[in-house]
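Q: So the protein lines, in turn, are chains Y and V.
The working numbering puts the first sequence at residues 632 to 918.
The working numbering puts the second sequence at residues 48 to 362.
Even for Gly, the Cβ is constructed at its ideal location relative to N, Cα and C.
Please read all numbers here as calculations on a predicted model, not as lab measurements.
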Amino acid sequence: MNVGLREQITRRPTGAAVALAALLLLLVCAVGAPIVAPYAADALDLAHRRAAPSWSHWFGTDELGRDLLTRVLYGARISLAIGLLSATVSAFIGVVVGATAGYAGRWMDAILMRFTEAMLSVPRLPLLMIAAAVFAPGVPALILLVGVLGWMETARVMRSEVQSLRARDFVSAARAGGATSVRIVLRHILPGVLPSAAVAITLAVGRGILLESAMSFFGVGVQPPTASWGNMLYQAQSTMSSEPWLGVFPGAFIFVTVLCCNIAGNGLSRDRRSAPAARAPSQNMSR
Amino acid sequence: MLRFVVRRAAEAVPLLFVVSLLVFGLIHAVPGGPLSLYLENPNVRPEDIERLRRAMGLDQPLVVQYWSWFTSFVRGDWGYSYADGRAVSTRMIERIPATLQLVGVSTIAAVVVSLLTALLSVRRTHIDHVSSVLAVAGISLPVFWLGLVLQLLFSNWLGWLPSSGRTSFGDGSLSDRALHLVMPAAVLAVAHWAGWMLYLRGSLRAAMATPLPRAARARGIGEVRILLHHALRLSLLPFVTVVLLDASIMASGAVVTESVFAWPGIGSLFTEALAKRDYAVLMAFLMCSSMAVIALSFLADVVVRALDPRTRSLE
Numbered sequence: 632m633n634v635g636l637r638e639q640i641t642r643r644p645t646g647a648a649v650a651l652a653a654l655l656l657l658l659v660c661a662v663g664a665p666i667v668a669p670y671a672a673d674a675l676d677l678a679h680r681r682a683a684p685s686w687s688h689w690f691g692t693d694e695l696g697r698d699l700l701t702r703v704l705y706g707a708r709i710s711l712a713i714g715l716l717s718a719t720v721s722a723f724i725g726v727v728v729g730a731t732a733g734y735a736g737r738w739m740d741a742i743l744m745r746f747t748e749a750m751l752s753v754p755r756l757p758l759l760m761i762a763a764a765v766f767a768p769g770v771p772a773l774i775l776l777v778g779v780l781g782w783m784e785t786a787r788v789m790r791s792e793v794q795s796l797r798a799r800d801f802v803s804a805a806r807a808g809g810a811t812s813v814r815i816v817l818r819h820i821l822p823g824v825l826p827s828a829a830v831a832i833t834l835a836v837g838r839g840i841l842l843e844s845a846m847s848f849f850g851v852g853v854q855p856p857t858a859s860w861g862n863m864l865y866q867a868q869s870t871m872s873s874e875p876w877l878g879v880f881p882g883a884f885i886f887v888t889v890l891c892c893n894i895a896g897n898g899l900s901r902d903r904r905s906a907p908a909a910r911a912p913s914q915n916m917s918r
Numbered sequence: 048m049l050r051f052v053v054r055r056a057a058e059a060v061p062l063l064f065v066v067s068l069l070v071f072g073l074i075h076a077v078p079g080g081p082l083s084l085y086l087e088n089p090n091v092r093p094e095d096i097e098r099l100r101r102a103m104g105l106d107q108p109l110v111v112q113y114w115s116w117f118t119s120f121v122r123g124d125w126g127y128s129y130a131d132g133r134a135v136s137t138r139m140i141e142r143i144p145a146t147l148q149l150v151g152v153s154t155i156a157a158v159v160v161s162l163l164t165a166l167l168s169v170r171r172t173h174i175d176h177v178s179s180v181l182a183v184a185g186i187s188l189p190v191f192w193l194g195l196v197l198q199l200l201f202s203n204w205l206g207w208l209p210s211s212g213r214t215s216f217g218d219g220s221l222s223d224r225a226l227h228l229v230m231p232a233a234v235l236a237v238a239h240w241a242g243w244m245l246y247l248r249g250s251l252r253a254a255m256a257t258p259l260p261r262a263a264r265a266r267g268i269g270e271v272r273i274l275l276h277h278a279l280r281l282s283l284l285p286f287v288t289v290v291l292l293d294a295s296i297m298a299s300g301a302v303v304t305e306s307v308f309a310w311p312g313i314g315s316l317f318t319e320a321l322a323k324r325d326y327a328v329l330m331a332f333l334m335c336s337s338m339a340v341i342a343l344s345f346l347a348d349v350v351v352r353a354l355d356p357r358t359r360s361l362e
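1) What are the partner residues of residue 127(V), as DSSP defines its beta bridges?
2) What does a CB cutoff of less than 6 Å around residue 289(V) pick up in its chain, not counting 5 residues either side in sequence?
3) I'd like the list of long-range same chain contacts for residue 651(Y), defined as Cβ closer than 6 Å, with 5 residues on each side in sequence excluded.
4) Considering only the alpha carbon of each residue, which of 655(Y), 669(Y), 678(Y) and 733(Y) lies closest to residue 688(Y)?
5) Just the C-alpha distance for residue 677(Y) and residue 126(V), rounded to the nearest angstrom, thanks.
6) Against residue 198(V), what residues of chain Y qualify as contacts under a CB-to-CB distance less than 9 Å, listed in chain order?
7) Is residue 60(V) helix, strand or coil when you go by DSSP?
8) With the cut-off set at 8 Å, would you say residue 874(Y) and residue 859(Y) are in Cβ contact?
9) Going along the region 746-760 of chain Y in order, which residues come within less than 7 Å of chain V, judged by CB to CB distance?
10) Does the beta carbon of residue 879(Y) sit closer than 8 Å to a beta carbon anywhere in chain V?
11) So, helix, strand or coil for residue 698(Y), using DSSP?
12) Would you identify the three-state DSSP class for residue 910(Y), choosing helix, strand or coil?
13) Would you please verify whether the beta carbon of residue 192(V) is less than 8 Å from any beta carbon of chain Y?
14) With a threshold of 7 Å (Cβ to nearest heavy atom), would residue 273(V) be considered close to the ligand SAM?
15) Who are the near neighbours of residue 834(Y) in its chain, counting only those whose CB is closer than 6 Å to its CB and skipping five residues on each side?
16) Could you name the residues of the same chain whose beta carbon sits closer than 7 Å to that of residue 157(V), not counting the 5 residues immediately before and after it, in chain order?
17) Say whether the region 740-753 of chain Y touches the region 764-775 of chain Y, bearing in mind that this needs 3 or more beta-carbon pairs closer than 8 Å, one atom from each stretch.
18) Give me whichever residues DSSP pairs with residue 692(Y) in a beta bridge.
19) Would you mind reading off the limits of the alpha helix (DSSP H) that contains residue 824(Y)?
20) Quick check: residue 788(Y) and residue 827(Y), are their CB atoms within less than 8 Å of each other?
21) Of all the CB atoms in chain V, is at least one closer than 8 Å to the CB of residue 905(Y)?
22) Check whether chain Y comes within 8 Å of residue 188(V), counting only Cβ atoms and requiring the distance to be less than that.
23) Just how far apart, CA to CA, sit residue 888(Y) and residue 115(V)?
24) Taking the C-alpha atoms as reference points, what is the distance between residue 318(V) and residue 148(V)?
25) Express the C-alpha separation of residue 800(Y) and residue 810(Y) in angstroms, rounding to a whole number.
26) Nearest to residue 798(Y) by alpha carbon, out of 847(Y), 735(Y) and 654(Y)?
27) Mind checking if residue 184(V) is an interface residue toward chain Y, Cβ cutoff 8 Å exclusive?
28) Quick one: is residue 133(V) near chain Y, going by C-beta distance under 8 Å?
29) By the DSSP assignment, the alpha helix (DSSP H) with residue 870(Y) in it spans what residues?
30) Under 8 Å, Cβ to Cβ, is there at least one residue of chain Y near residue 313(V)?
31) Can you pull the chain V neighbours of residue 844(Y), defined as C-beta to C-beta under 9 Å?
32) Quick check on residue 155(V): does DSSP put it in helix, strand or coil?
33) Taking the alpha carbon of residue 855(Y) as the reference point, which residue from 832(Y), 661(Y), 684(Y) and 702(Y) has its own alpha carbon closest?
34) Step through the CB atoms of chain Y and report whether any lies within less than 8 Å of the CB of residue 155(V).
35) Is residue 90(V) helix, strand or coil by DSSP?
36) When burial is assigned at 16 or more other CB atoms within 10 Å of the CB, is residue 144(V) buried or exposed?
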């Protein structure tokens, strides 16, 4: 029935495992960008400006003669950091809100869920874009912003999982044994919802990357000279017809990374029973 | 039924109130307030800013400001655009037809295609594999990137379709309009198809796993009829709910798609206002789109309630 995370990955070597491996490889390349990248971070090759992809510059060069592959790898650091850390922030808030609502029930549940609903009814991308335009955040603030506006899905999943676990016998047993509510939630309920939380986090990483890139694409996200995949696309869109590689490659990296997150998340959740009400339909966040 | 409608409507009101607080709080959290744009402009004198501040009531306490903004918003007075001085409501209304056209066409296309692909994928394994992979790809696609790549392909290289806008300059013929619509509508439809198809596929499979199809099969009813008359009937209402909710988010214009294709709808009004920090327009946009979501989720609940007797027995 409930198969451990590790078992699931080893037993099913297709799909989710491949996606996780690809994500890991990308993460290693991003962290090791100074070693892996073929050129220095901001090395200019003025003789080969706006060069099409070739053997010396696999992804071509931009208008300053910077190697695009190098920029994509350095951009991966920012984009992945935003995706991973914002997912951590939203997972934390989501678990706290969802577990509180699900365990406490009654008016606490009503208030928290009504608030979650209100947050969900404001279109997320426009809200993020306005907030980013208002606060002009740096990368750390951007992570916080994407995380703080992205916990609602996790909270809903956590709430329904906690609700179903709360009614189980071992919880009654713990309560009969005199355990406090806090202890019951932390020691008895949370370990049971961790697999669902892992799925929610994986999906949130993809969402975060997609949202960051959309914000940066409209010039309100990560600001140059810091490179992220989104702002590389922003800079490339005006020269798309003459130097298409500048837009095609960063966008392809966004696409493949988010795809891997979604495949991994879906693969991890496939074998698990999950309350259908909590499974909000997946949506493309960058419309 | 009436009691349900009234109770559900009463629930929507505090929701709207919380949303309005969120929106107001966000805009007024700007350092320098909504006039911060002028603070950066050396041509605007400090006394002008002070005069504007008084004229717009920004020297009042926040609670007073909130209340006067909220009450006038409810009355339909949404203020004036900082960018061109025209009423925000006028600016938004003139963008509605373009958005409705784009959203309408792409929603219909996405609904039809997701119905077809989801039904087929329940019947045929290889179609299921292909369409599921495509759908997961579809929810992962950065829409702006897809738009740029399609423009490159079909406008710059092949020259088949116009790259942006709603009509060519000086040409308003039907074929010209249709050609302009193809790419943005297709991009939006792909983004929606992906989520809707995955959802419908999931609920169709869940319906096929209930005892109902087996009982029907035992009575000698054909597979196609089971799928259409039994499984689809179970799945259709939740699907309609999802489509309505998604369409409500689109009612605010598909911000990304409209901007990439310079489609003159509400979504691109939003990005124009964002670039100019036109806060009156931005606030009205956020309020309207949130109201659309709340209203359509209310509608979806009522429709499901009216059509599905099972939900009524819970009373």
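A: Considering the structure as presented:
1) Numbered from its first residue, the second sequence carries residue 127(V) at position 80. DSSP output for residue 127(V) lists 134(V) as bridge partner(s).
2) To locate residue 289(V), count along the second sequence from 1; it is residue 242. Here the set comprises 246.
3) As a position in the first sequence, residue 651(Y) is number 20, starting the count at 1. 895.
4) Residue 688(Y) sits at position 57 when you count from the first residue of the first sequence. Comparing Cα positions, the closest option is 669(Y).
5) Residue mapping note: residue 677(Y) aligns to position 46 of the first sequence, counting from 1. Residue mapping note: residue 126(V) aligns to position 79 of the second sequence, counting from 1. Distance between the alpha carbons of residue 677(Y) and residue 126(V): 51 Å.
6) Position 151 of the second sequence, counted from the start, is the residue given in the question as residue 198(V). The contacting residues are 871 and 872.
7) The residue given as residue 60(V) occupies position 13 in the second sequence. Correct three-state label for residue 60(V): helix.
8) By 1-based counting over the first sequence, the position of residue 874(Y) is 243. By 1-based counting over the first sequence, the position of residue 859(Y) is 228. No; because the gap between Cβ atoms is not below 8 Å, this pair is not in contact.
9) 746, 748, 749, 752, 753, 754, 756, 757, 758 and 760
10) As a first step, residue 879(Y) must be located in the first sequence, where it is residue number 248. Yes, residue 879(Y) counts as interfacial toward chain V.
11) Your numbering for residue 698(Y) matches position 67 in the first sequence. Note: residue 698(Y) maps to strand in three-state DSSP.
12) Reading the first sequence from its first residue, position 279 is the one you call residue 910(Y). Annotation note: pLDDT 45 at residue 910(Y) (below 50); position unreliable, coordinate value reported separately. DSSP places residue 910(Y) in coil when its eight states are reduced to three.
13) As a working note, residue 192(V) is residue 145 in the second sequence. Yes, its Cβ sits closer than 8 Å to a Cβ of chain Y.
14) As far as ligands go, the structure on display features none, and thus does not contain the ligand SAM.
15) If you number the first sequence from 1, residue 834(Y) lands on position 203. 896, listed in sequence order.
16) In the second sequence, the residue the question calls residue 157(V) occupies position 110. These residues qualify, in order along the chain: 236, 239, 240 and 243.
17) no
18) For the purposes of this step, residue 692(Y) is taken as residue 61 along the first sequence, with counting starting at 1. In DSSP, residue 692(Y) forms a bridge with 698(Y).
19) Looking up residue 824(Y) in the first sequence gives position 193. Per DSSP, residue 824(Y) belongs to the alpha helix (DSSP H) from 821-848.
20) For the purposes of this step, residue 788(Y) is taken as residue 157 along the first sequence, with counting starting at 1. For the purposes of this step, residue 827(Y) is taken as residue 196 along the first sequence, with counting starting at 1. The answer is yes: Cβ separation under 8 Å.
21) Here the question's residue 905(Y) lines up with position 274 in the first sequence. Because residue 905(Y) carries a pLDDT of 45, less than 50, the predicted location of this residue cannot be relied on, and no value is offered for it.
22) By 1-based counting over the second sequence, the position of residue 188(V) is 141. Closer than 8 Å to some Cβ of chain Y, the Cβ of residue 188(V) qualifies, so yes.
23) On the first sequence, residue 888(Y) is found 257 positions in, with the first residue counted as 1. On the second sequence, residue 115(V) is found 68 positions in, with the first residue counted as 1. The straight-line gap from Cα to Cα measures roughly 46 Å.
24) Your numbering for residue 318(V) matches position 271 in the second sequence. Your numbering for residue 148(V) matches position 101 in the second sequence. Going from the Cα of residue 318(V) to the Cα of residue 148(V) covers about 19 Å.
25) Your numbering for residue 810(Y) matches position 179 in the first sequence. Your numbering for residue 800(Y) matches position 169 in the first sequence. Each residue's Cα considered, the two are about 14 Å apart.
26) Taking the first residue of the first sequence as position 1, residue 798(Y) is located at position 167. Here the closest residue by C-alpha is 735(Y).
27) Working through the second sequence from its first residue, we reach residue 184(V) at position 137. So, interface residue.
28) In the second sequence, the residue the question calls residue 133(V) occupies position 86. So no, residue 133(V) is outside the interface.
29) For this step, residue 870(Y) is matched to residue 239 along the first sequence. Unbroken run through residue 870(Y): none, as it is neither H nor E.
30) Against the second sequence, residue 313(V) aligns to sequence position 266. Output row for residue 313(V): interface = no.
31) Here residue 844(Y) corresponds to residue number 213 of the first sequence, with the count starting at 1. Ordered by position in chain V, the residues that pass the 9 Å Cβ test against residue 844(Y) are 189, 191 and 192.
32) The count along the second sequence starts at 1 and reaches residue 155(V) at position 108. Of the three classes helix, strand and coil, the one that applies to residue 155(V) here is helix, per DSSP.
33) Counted from its first residue, the first sequence places residue 855(Y) at position 224. Checking every option, the nearest Cα to that of residue 855(Y) belongs to 702(Y).
34) As a position in the second sequence, residue 155(V) is number 108, starting the count at 1. Residue 155(V) does not count as touching chain Y.
35) Working through the second sequence from its first residue, we reach residue 90(V) at position 43. In this structure, residue 90(V) counts as coil in the three-state DSSP scheme.
36) Taking the first residue of the second sequence as position 1, residue 144(V) is located at position 97. It is exposed - the Cβ of residue 144(V) has fewer than 16 other Cβ atoms within 10 Å.
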